[in-house]
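Chemist:
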Amino acid sequence: MKPRRIPTSAVLCVQAIVVVAFAVSFATGSPDTRRLIRSEVTGKPVTPPLDISRQTPLSIEPLYNDPEVVSDEELAAVLERVQPRFWSEEDPARPAAGLKPNHVEHALRTWGIKAKFQNPRAMSGEALKNYLVDHGQWLASWGNVKRKTAKSLIQDTPGGVSIRWGKEEGTSVHHDHWLACLTEAGISIDEPVFTPSARKSLTDVLKEAMRDFRLDETETEWSAMAFGFWIAPQKEWTTRNGRVLSFDMLAERLMRGHKRLGVCCGLHRVYSLMVMVRLDDEQHILSSQMREKAMFHLRDVRDLMSVSQFEDGHWPSNWSEGADAVSKPIEDALFRKVIATGHHLEWLAIAPKELHPPREAILKAADWVIKTTTEQSDKDISERYTFFSHVGNALALWRKTHPADFWMKWEADHPNISATVEQ
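Here you go:
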């Protein structure tokens, strides 16, 4: 029996039908489906689009102006101690050798872009920002012979630009901390970012961070803040691998596990969660169920800290153990007490009163941390700058201001203060 040949016209007709069906399916498919098809056809990953419509980030303003917590004189004394004296002593136009990005990040999120100082060794907000966004500035600090093993802070990637983080020299210590600190400082989305080989922008860093974010990251505290400040009221976005993430999922992640877990005695998770609740007040980024769950969690933090404070006013690093932290005290280094007390005061300054411990606890904590900070030597502050910077920011928030606004007015009214202190 002769094999039956299918006419060429029939084959072409079938192919045409398949092509049309494919085109219709592609045109009517969801964005995720179209990206998947393009990826399969080209053999290359197709990056999901991200719409960043905001020119400058949102911010969370403090709620209280309470001179009983910290007076003008006390705030000035603390802020003088935490000025970012990071210029080289030999060359005041060059950053100090081996200047830690983590210190600069903390200084910038505390002082902001517009900060200026009379002290010639203190880097302005603009100089702090430039150090973080310009590979050349970083290289001026880390490019000498002794530091030649340090890798660039800013890195070119196939998808744009990323920030190197971890425990190696010259890195940002925490995941997305660089991004969160620049965001809190009020940087523009169009701010140029200079990599070792190209000029990019903050937009590229933000989009890269959002596309590559994973919910199982070790640290999500700073990602949650940065993403919220930039894309709210948008509630969700799609990552490079096609997973849809939401702020509900981030809030859930921040509350996962024991409260002692996480950076700085678990308190960055608390601060970021409080930020998300405050953003939800105006931008509605959380579901009603998740918001209530977050408030329940924060009330629990309040109750634990209400019974874990020591008589002198400080909170210990194991504050999350509640009353047991006082009845069974641990050997806590001073800097860990500063971490716990400063960070608690910081998140409380942006929290509604229902989340506050008794007022006496706040007053005692402020007295302790003011005294402790002002008693430190320059060397002590320099070595633990990141922790003491939180103290300066927290106390400024309790006066419903920001460190740069207060300090520049204070210096204008006291023009010789920096010279007097330096002597």
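Residues 2 to 424 (the numbering used here) are what the sequence shown spells out, left to right.
By construction, the Cβ of each residue, glycine as well, lies at the ideal position given by its N, Cα and C atoms.
Quick caveat, the model's predicted, so the values are computed rather than measured.
For the alpha helix (DSSP H) containing Thr196, list its first residue and its last residue.
Modeler: Taking the sequence shown and counting its residues from 1, the one referred to as residue 196 is at position 195. Taken as a continuous stretch (DSSP letters only), Thr196 belongs to no alpha helix (DSSP H), as it is neither H nor E.
Chemist: For Glu332, count the other beta carbons within 10 Å of its own beta carbon; 16 or more makes it buried, fewer makes it exposed. Which is it?
Modeler: Mapped onto the sequence shown, residue 332 falls at position 331. Exposed, by the Cβ-count rule.
Chemist: Pick out whichever of Pro197, Asp304, Glu283 and Ser289 has its Cα sitting closest to the Cα of Leu59.
Modeler: Counting from one through the sequence shown, the residue named residue 59 turns up at place 58. It is Glu283.
Chemist: Check whether the segment 97 to 106 and the segment 262 to 269 touch, using three or more Cβ-Cβ pairs below 8 Å as the test.
Modeler: Short answer: they don't touch.
Chemist: Classify Val174 as buried or exposed, calling it buried when 16 or more other Cβ atoms lie within 10 Å of its own Cβ.
Modeler: Position 173 of the sequence shown holds residue 174. Buried: at least 16 other Cβ atoms inside 10 Å.
Chemist: According to DSSP, simplified to helix, strand and coil, what is Asn66?
Modeler: Walking along the sequence shown from the start, residue 66 turns up at place 65. Asn66: strand per DSSP, three-state reduction.
Chemist: Is DSSP giving Leu246 helix, strand or coil here?
Modeler: On the sequence shown, residue 246 is found 245 positions in, with the first residue counted as 1. Three-state DSSP puts Leu246 in a strand.
Chemist: From which residue to which residue does the beta strand (DSSP E) around Trp238 run?
Modeler: In the sequence shown, residue 238 corresponds to position 237, counting from 1. Glu237 to Thr239 is the span of the beta strand (DSSP E), which, as asked, contains Trp238.
Chemist: Taking the C-alpha atoms as reference points, what is the distance between Pro197 and His136?
Modeler: Here the question's residue 197 lines up with position 196 in the sequence shown. Here the question's residue 136 lines up with position 135 in the sequence shown. Their backbone Cα atoms lie some 6 Å apart in a straight line.
Chemist: In terms of residue numbering, what span does the beta strand (DSSP E) encompassing Thr158 cover?
Modeler: The count along the sequence shown starts at 1 and reaches residue 158 at position 157. Looking at the DSSP string, the run of the beta strand (DSSP E) that includes Thr158 is Ile155 to Thr158.
Chemist: Would you mind giving the Cβ-Cβ distance between Leu356 and Ala395, rounded to the nearest angstrom? I have them listed as a contact below 8 Å.
Modeler: Here residue 356 corresponds to residue number 355 of the sequence shown, with the count starting at 1. Here residue 395 corresponds to residue number 394 of the sequence shown, with the count starting at 1. With a Cβ gap of about 15 Å, Leu356 and Ala395 do not count as contacting.
Chemist: In chain order, what residues of the same chain lie with their CB nearer than 8 Å to the CB of Asp205, ignoring the 5 residues before and after it?
Modeler: The residue given as residue 205 occupies position 204 in the sequence shown. Excluding sequence neighbours, Asp205 sits near Gly161, Val162 and Val194.
Chemist: Going straight from the alpha carbon of Pro416 to that of Ala78, what length do you get?
Modeler: Reading the sequence shown from its first residue, position 415 is the one you call residue 416. Reading the sequence shown from its first residue, position 77 is the one you call residue 78. Computed Cα separation, rounded: 15 Å.
Chemist: Pro85 and Ala123 look like a contact to me (Cβ under 8 Å); what is the Cβ gap, rounded to whole Å?
Modeler: Working through the sequence shown from its first residue, we reach residue 85 at position 84. Working through the sequence shown from its first residue, we reach residue 123 at position 122. That belief holds up - the Cβ atoms of Pro85 and Ala123 are roughly 6 Å apart, short of 8 Å.
Chemist: Relative to the alpha-carbon of Cys261, which residue among Pro234, Asp301 and Lys115 has its alpha-carbon at the smallest distance?
Modeler: Counted from its first residue, the sequence shown places residue 261 at position 260. Before going further, note that residue 261 is Arg rather than Cys in the sequence given. When each option's Cα is compared against that of Arg261, the closest is Asp301.
Chemist: Can you tell which of Ser318, Ile286 and Arg95 has its C-alpha closest to the C-alpha of Val264?
Modeler: If you number the sequence shown from 1, residue 264 lands on position 263. When only C-alpha atoms are compared, the closest one is Ser318.
Chemist: For His315, which option in Lys294, Glu361, Asp157 and Leu274 has the closest C-alpha, if you only look at C-alpha atoms?
Modeler: As a working note, residue 315 is residue 314 in the sequence shown. Per the Cα distances, Glu361.
Chemist: Skipping 5 residues on each side, what residues in its chain have a beta carbon closer than 6 Å to that of Met256?
Modeler: Taking the first residue of the sequence shown as position 1, residue 256 is located at position 255. Result list for Met256: His298, in chain order.
Chemist: Cutting at 6 Å between CB atoms, please list the residues of its own chain near Lys410, excluding the five before and the five after it.
Modeler: Taking the sequence shown and counting its residues from 1, the one referred to as residue 410 is at position 409. Answer for Lys410: no residue qualifies.
Chemist: Quick one: what does DSSP say Ile354 is sitting in, helix, strand or coil?
Modeler: As a first step, residue 354 is located in the sequence shown; it is residue number 353 there, counting from the start. The question names Ile, but residue 354 is Lys in the sequence shown. In this structure, Lys354 counts as helix in the three-state DSSP scheme.
Chemist: What does the Cβ neighbour count give for His259, buried or exposed, with the cut at 16 atoms within 10 Å?
Modeler: Within the sequence shown, residue 259 is the residue found at index 258, counting from 1. Exposed, because fewer than 16 other Cβ atoms sit within 10 Å of the Cβ of His259.
Chemist: CA-CA distance, Arg165 and Ile155?
Modeler: Residue mapping note: residue 165 aligns to position 164 of the sequence shown, counting from 1. Residue mapping note: residue 155 aligns to position 154 of the sequence shown, counting from 1. Computed Cα separation, rounded: 6 Å.
Chemist: Once the 5 residues before and after Leu305 are set aside, which same chain residues still bring their CB inside 8 Å of it?
Modeler: The sequence position of residue 305 within the sequence shown is 304, counting from 1. Counting only Cβ-Cβ distances below 8 Å, and skipping sequence neighbours, we find Lys260, Trp320, Ser321, Glu322 and Gly323.
Chemist: So which of Met275, Lys201, Leu80 and Ala397 has the shortest CA-CA distance to Asp157?
Modeler: Looking up residue 157 in the sequence shown gives position 156. With distances taken between Cα atoms, Asp157 lies closest to Lys201.
Chemist: Do His107 and Tyr386 have their C-beta atoms closer together than 8 Å?
Modeler: Taking the first residue of the sequence shown as position 1, residue 107 is located at position 106. Taking the first residue of the sequence shown as position 1, residue 386 is located at position 385. In contact: His107 and Tyr386 (Cβ atoms closer than 8 Å).
Chemist: What separation, rounded to the nearest whole angstrom, lies between the Cα atoms of Phe228 and Leu251?
Modeler: Position 227 of the sequence shown, counted from the first residue, corresponds to residue 228. Position 250 of the sequence shown, counted from the first residue, corresponds to residue 251. Those two C-alpha atoms are separated by around 10 Å.
Chemist: Residues in the same chain with beta-carbon distance under 7 Å from Leu76, minus the five sequence neighbours each way, listed in chain order, please.
Modeler: Along the sequence shown, one-based indexing puts residue 76 at 75. Closer than 7 Å at Cβ, skipping near neighbours: Leu396, Ala397, Arg400 and Phe407.
Chemist: Rounded to whole angstroms, what's the CA-CA distance from Trp231 to Glu253? Just pull it up for me.
Modeler: Numbered from its first residue, the sequence shown carries residue 231 at position 230. Numbered from its first residue, the sequence shown carries residue 253 at position 252. Looking at the two C-alpha atoms, the distance is approximately 20 Å.
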